[in-house]
Amino acid sequence: MDQPSSSPAPSITRRHDLDWVRICAFGLLVLYHVGMYYVTWDWHVNSPFASHALEPAMMLTAPWRLSLLFLVSGAATAFLLARAQRQAQAGGGRVRFLGARSWRLLVPLLFGMAVVVVPQSYYEVVEKLPGGYHDGFLAFWGRYLRGDQGFCGPEGCLILPTWNHLWFVAYLWVYTVALWLLWRFARPLLERAAPALERRLSGWGLLLWPALALGLARLLLIGRFGSTHALVDDWYNHVQYFGVFLLGFLVARRDGFWTAAVRLRWTALALWLATWAAQAAYMTAYADSDPPQALRLAMRMVWGMDQWAAIVAVLGFARHWAPGDSRALRYLVPAVFPVYILHQTVVVAAAHNLQPLGLAPALEGPLLVVLTFAACFGAYEVIRRVPPLRPLFGLPYRERAAADAAAQAGAACSTTSCTAAPPR
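In our numbering, each number is its position in the sequence shown, counted from 1, plus 7.
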């Protein structure tokens, strides 16, 4: 968005720090989903060695990783929309934004639901259906595409087809549409909100107010709505994720926010580690029993502080280090989205097929990490060279076109999405 005339125009130089934040956050997601195989939490497949042992370590990123990605996605949307507006002004035409963004998000989502995530549901049925499933993958795939709801177990029926980990893409598209509507019909409100937020988040309020909002959202909503990732009934997640998405959009070009994050990065880091330690102790103490209700409610506020303090620490240190452009960055930026689309299917398939070897988790876990990254990046090397495959994984049809668009937009963009990279 154009900045209000009462505020000086912030810098719009390219933000490699946010590129790296996005890349590292998706890398953590791969590690997290490998970890899901070894904990007692419900997942598609579970290791015979699953236990509570890894759960405190999983909590290092569980409260904040996805919120961070939605915040960075909101910032990316701000720059994409500003670029589309500049192009429209230069050409004397309409702002073209939502159609291109929808193509970049919805095509991979639909392809992923129809093809990529199917093995996840298949192995889930093989492992968890009473009596197992013995008709083979192709037979299951046919039933999956027909929306067969007959795969039922003690905990209910598997809903097919599904998006599994690609829920993030569906939510991102919905939030993008909502933000586009706000931008079209309530732009003055957004323009007034941006500097007001900057004033309140330029000092210690940066740590206080978002943490309080996220804590209250969890306190008031998580017990009632849970976390479903089913879109239509997922109100706790919508409040927190759309909230930080909108926040990222509003502060993307507000220097006060980023300066405060740098200044408070060490305090944020200390708060994050302290609140994580409190949650780890809480989980360990009540791993097999119910905590007192008052303590449960208090820990929901602690979760909110953990969630936001970690985000401020990550953004602050990334901004402080200010990593520049590099060959590695230029390779990883377009690779992130295809790797994200593929990674959970690789984890589930590899984990299931490694079970007969009976490997100890200390050996099998690192092996799963290596196999997942190797398979996903190997697939990316194929995808990026085959034009018809590229749009199915969020890439422009031709690699040369993507490079040209990046070169043209580089001086005015601040995130990967702004330079024809895959969507967030």
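For every residue, glycine included, the Cβ atom is placed at its ideal position computed from N, Cα and C.
For clarity, every value in this text was computed on a predicted model and none was experimentally measured.
Nearest candidate by alpha-carbon position, reference residue i, set the options
i: Ala-224; options: Val-123, Tyr-44, Trp-310 and Pro-398; result: Trp-310
i: Cys-31; options: Tyr-347, Gln-314 and Leu-374; result: Tyr-347
i: Ala-305; options: Trp-265, Tyr-129 and Ala-285; result: Ala-285
i: His-172; options: Pro-395, Ala-369, Pro-345 and Gly-372; result: Pro-345
i: Phe-104; options: Trp-187, Val-132 and Ser-128; result: Trp-187
i: Pro-373; options: Val-354, Val-28, Phe-175 and Glu-388; result: Val-354
i: Ala-6; options: Ala-201, Thr-379, His-245 and Val-319; result: The structure shown does not extend to residue 6, since the chain spans only 8 to 431, so no value can be given for it.
i: Arg-22; options: Leu-402, Thr-352, Ala-325 and Gln-351; result: Ala-325
i: Ile-318; options: Pro-217, Arg-307, Ala-367 and Val-389; result: Pro-217
i: Leu-75; options: Gln-247, Phe-380 and Gln-362; result: Gln-247
i: Arg-433; options: Gly-163, Gln-351 and Ala-203; result: The chain is shown from 8 up to 431; residue 433 falls before or after that span and cannot be answered.
i: His-350; options: Leu-35, Arg-101 and Arg-392; result: Leu-35
i: Trp-265; options: Leu-227, Trp-328 and Gly-143; result: Trp-328
i: Asp-26; options: Ala-64, Leu-339, Trp-48 and Ala-382; result: Leu-339
i: Pro-137; options: Met-120, Phe-158 and Arg-150; result: Phe-158
i: Gly-230; options: Arg-303, Met-65, Phe-56 and Phe-33; result: Arg-303
i: Gly-160; options: Gly-143, Glu-134 and Gly-154; result: Glu-134
i: Val-184; options: Ala-107, Phe-33 and Ala-64; result: Ala-107
i: Phe-57; options: Gly-212, Gly-154, Ala-367 and Gly-100; result: In the sequence as displayed, the identity of residue 57 is Ala instead of Phe. The shortest Cα separation from Ala-57 among Gly-212, Gly-154, Ala-367 and Gly-100 belongs to Ala-367.
i: Glu-162; options: Trp-50, Leu-370, Gly-98 and Leu-271; result: Trp-50
i: Phe-33; options: Ala-64, Ala-369 and Phe-380; result: Phe-380
i: Asp-24; options: Gly-143, Gly-99 and Asp-332; result: Asp-332
i: Arg-272; options: Ser-80, Arg-101, Leu-226 and Trp-211; result: Trp-211
Beta-carbon separation (whole angstroms), residue i vs residue j, contact threshold 8 Å
i: Trp-180; j: Ser-109; result: 7 Å
i: Glu-205; j: Gly-263; result: 4 Å
i: Phe-59; j: Ala-294; result: Before going further, note that residue 59 is His rather than Phe in the sequence given. Rounded, the Cβ-Cβ distance is 5 Å, consistent with contact.
i: Phe-384; j: Ala-342; result: 7 Å
i: Val-41; j: Val-376; result: 5 Å
i: Tyr-130; j: His-359; result: 5 Å
i: Gly-401; j: Arg-307; result: With 8 Å as the limit, Gly-401 and Arg-307 do not qualify as a contact, their Cβ atoms being about 35 Å apart.
i: Leu-165; j: Val-132; result: 7 Å
i: Arg-397; j: Tyr-387; result: About 10 Å; that fails the 8 Å criterion.
Counterpart residues of residue i in DSSP-defined beta bridges
i: Cys-159; result: Cys-164
Residue i vs residue j beta-carbon contact at 8 Å
i: Trp-170; j: Val-114; result: no
i: Tyr-44; j: Val-52; result: yes
i: Phe-252; j: Leu-78; result: yes
i: Leu-208; j: Ala-267; result: yes
i: Pro-316; j: Leu-254; result: This sequence places Ala at residue 316; Pro is not what is there. No. Outside cutoff.
i: Pro-70; j: Asp-313; result: yes
i: Val-258; j: Val-28; result: no
i: Phe-256; j: Tyr-243; result: no
i: Leu-214; j: Thr-274; result: yes
i: Tyr-88; j: Trp-190; result: Here residue 88 turns out to be Leu, not Tyr, going by the sequence shown. Yes.
i: Phe-118; j: Leu-399; result: yes
i: Trp-174; j: His-236; result: yes
i: Val-46; j: Leu-67; result: no
i: Ala-177; j: Leu-238; result: yes
i: Val-389; j: Gly-323; result: no
i: Thr-282; j: Gln-127; result: no
i: Gln-156; j: Leu-167; result: yes
is_contact[residue i, chain D] using C-beta, thresh 8 Å
i: Ser-74; result: Among the chains of the structure shown, chain D does not appear; only one protein chain is present.
Heavy atom of the ligand GDP within 7 Å of residue i beta-carbon
i: Thr-274; result: Inclusion of the ligand GDP in the displayed structure is not the case, the ligand content being empty and no account of it being possible.
Which runs of the alpha helix (DSSP H) spanning at least 4 residues fall entirely within the segment 230-315, listed in chain order? 242-258, 262-270 and 272-292
Which full runs of the alpha helix (DSSP H) of 4+ residues lie inside the segment 166-224, going along the chain? 174-192 and 194-207
Uninterrupted beta strand (DSSP E) stretches inside the segment 21-79 (no shorter than 3 residues): none
Whole alpha helix (DSSP H) runs in the segment 100-144 with 4 or more residues, listed along the chain? 105-118 and 125-135
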